[in-house]
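The opening position of the sequence shown corresponds to residue 7 in the working numbering, with each subsequent residue numbered one higher.
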Amino acid sequence: YQFMGQCYFTNGTERVRYVTRYIYNQEEYARFDSDWDEYRALTPLGRAAAEYWNRQKDILERTRAEVGQGVQKQLPGGKAP
């Protein structure tokens, strides 16, 4: 099992995209993408997990908070756009 969070910055804009990937046996099975603002399954294995995470409001709120925190840590000077 692996977990990976990544930020994508678009040059010339204030737009930042945050993606959290969930990987098992070298296959990504689910992800949270700030563009979607929800978890999505990428394989049948991820379907139950994504549905569960999306039903749990505390998990969604925590993930949305991580978006800002994770992006801020990766920017030079630690400042959010």
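Ideal Cβ placement from N, Cα and C applies to all residues, glycine included. What you are looking at is a predicted structure, and each value in this text was computed from that prediction instead of being measured.
Starting from residue i and walking both ways along the alpha helix (DSSP H), at which residues does that stretch end?
{"i": "Arg-53", "result": "50-61"}
In three-state terms, what does DSSP make of residue i?
{"i": "Arg-21", "result": "coil"}
{"i": "Thr-26", "result": "strand"}
Since residue i is in the beta strand (DSSP E), which residue starts that stretch and which ends it?
{"i": "Tyr-45", "result": "44-47"}
{"i": "Asp-39", "result": "33-39"}
{"i": "Tyr-14", "result": "8-15"}
By Cβ distance below 8 Å, which residues in the same chain neighbour residue i in space, the five residues on each side in sequence not counted?
{"i": "Ala-55", "result": "Tyr-28, Tyr-35, Ala-36, Tyr-45 and Ala-47"}
Just to confirm my understanding: we take residue i, look at its own chain, exclude 5 residues before and 5 after, and list those with CB closer than 6 Å. What are they?
{"i": "Asn-60", "result": "Glu-44 and Tyr-45"}
Please classify residue i as buried or exposed, where buried requires at least 16 neighbouring CB atoms within 10 angstroms.
{"i": "Tyr-24", "result": "buried"}
Between residue i and residue j, which are expected to be in contact by the criterion C-beta below 8 Å, what is the C-beta distance as a whole number of angstroms?
{"i": "Thr-26", "j": "Thr-69", "result": "7 Å"}
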